[in-house]
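Quick note: the sequence shown uses our numbering, first residue 23, plus one each step.
Glycine included, every Cβ here is placed at the ideal spot set by N, Cα and C.
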Amino acid sequence: MTTPVNVTVTGAAGQIGYALLFRIASGQLLGPDVPVRLRLLEIPQAVKAAEGTAMELDDCAFPLLAGIDILDTPRAGFDGANIALLVGARPRSAGMERGDLLEANGGIFGPQGKAINDHAASDIRVLVVGNPANTNALIAQQHAPDVPVDRFNAMTRLDHNRALSQLAQKTGTPVSQIENLTIWGNHSATQYPDVFHATVAGRPASELVDEAWLAEDFIPTVAKRGAAIIDARGASSAASAANAAVDHVRDWVGGTGSSWTSAAIPSDGSYGVPEGLISSFPVRSANGGWEIVQGLEVNDFSRARIDASVEELAGERDAVRELGLI
Ligand code: NAI
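Here it is as structure tokens:
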């Protein structure tokens, strides 16, 4: 049998964890021929709940699931990890300032980055889902000096999928007919979903929708979708977030083909995004790594919105620097 791939999931007992683990164990992350060993990393208070999820995973009798370990220290959790999905994070509580939020998450993602540096497998790939995802990814990356910087990503694939679905509904086209949408910037309300290079059944999307719809409807709907789901469901997006994490890693490892997707990856300075910021770009994957799609024309409508989101990211980076978190 092929050697199992070790997949660490933090926050495994949470709601995204509950939606994610079964998808991974069933083979949807790495394909039907790749066995996986799950490493569930939780805080001690949530280990019992993680044990319950592990019992259910056992009860699915997934042929590809080679084992489950439940761990409560980063050192043990990332030992030998090939893929790490960092889902567990400190949510913003009432009255919490941005600095407090960043500091609380620095206390999680700094030590996790160090443990990844010291104990993960040499091919480790890290996807940060827990918010503020881009800056948490930056913190983890900065604590892992021996890991290539591009192995740290943050997730904007849920935003990408939300944008696909909105454009499909507006144009009455199946999502499978839409290509080359982009989410730029931060996974936050400032993100910019860009349709100017997208095609809908082979036609430029910009011929099918106007700027007023983009500015007043599409962009705010995509950017505020998380809040709308909390309002309707009484809980934040979980299955769709887990689905996006599966999409992201599957494409990262397996490749995208000619159409592109969106992922927050370390900037190389492309499109005026300061080098090093973990910002969402149009990306393709081949041979196990992402490449930023080059040469796209950025119009004034897009430029202002990309710049605003990137400025927010730079502000978060400066804040975590000032706090001594990176
Ligand atoms: P949840 O509260 O249901 O679960 C979080 C879990 O993380 C809990 O079981 C908690 O015990 C665990 N946890 C906390 N600190 C930990 C640590 N230091 N190590 C290991 N585990 C730890 O939250 P949910 O709904 O699963 O969401 C998780 C995160 O994902 C949140 O930060 C949320 O904002 C974010 N999110 C990101 C999205 C994206 O598109 N990037 C979309 C949706 C959610």
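List the endpoints of the continuous beta strand (DSSP E) containing V29. Segment 27-32, the beta strand (DSSP E) holding V29.
Is any heavy atom in ligand 1 found nearer than 7 Å to the beta carbon of N153? Yes; taking the cut-off as 7 Å, the Cβ of N153 has a heavy atom of ligand 1 nearer than that.
What do you reckon, is the C-beta of M77 under 7 Å from a heavy atom of ligand 1? No, the Cβ of M77 stays beyond 7 Å of every heavy atom of ligand 1.
Which term fits Q188, buried or exposed, when burial requires 16 or more other beta carbons within 10 angstroms of its beta carbon? By the neighbour-count rule (16 or more Cβ atoms within 10 Å), Q188 is buried.
Whole angstroms is fine: what's the gap from G117's alpha carbon to D269's? Straight-line Cα distance between these residues: approximately 34 Å.
Three-state class that DSSP yields for S303 in the structure shown: Going by the sequence as given, residue 303 is Phe instead of Ser. When DSSP states are grouped into helix, strand and coil, F303 belongs to the strand group.
Is there contact between the region 294-305 and the region 66-74, where contact requires at least three CB pairs shorter than 8 Å? The answer is no - the region 66-74 does not touch the region 294-305, with fewer than three Cβ pairs under 8 Å.
So is the beta-carbon of G207 under 7 Å away from any non-hydrogen atom of ligand 1? No; taking the cut-off as 7 Å, the Cβ of G207 has no heavy atom of ligand 1 nearer than that.
Output the residue ranges of the beta strand (DSSP E) runs that lie fully inside the region 126-196 and measure 3 residues or longer, sorted by chain position. Counting only runs of 3 or more, we get 147-150, 174-176.
Give the single residue among D329, G279, I300 whose Cα lies nearest to the Cα of N309. Distances from the alpha-carbon of N309 to those of D329, G279, I300 put G279 closest.
When the Cα atoms are used, what is the spatial distance from D145 to D232? The alpha-carbon atoms of D145 and D232 are separated by roughly 44 Å.
Compute every distance between the C-beta of P113 and the non-hydrogen atoms of ligand 2, then say whether any falls below 7 Å. This structure lacks ligand 2; the ligands present are ligand 1.
Give me the Cβ distance between I92 and A76, rounded to the nearest whole Å; I'm assuming they're in contact under 8 Å. I92 to A76, Cβ: 6 Å. Contact.
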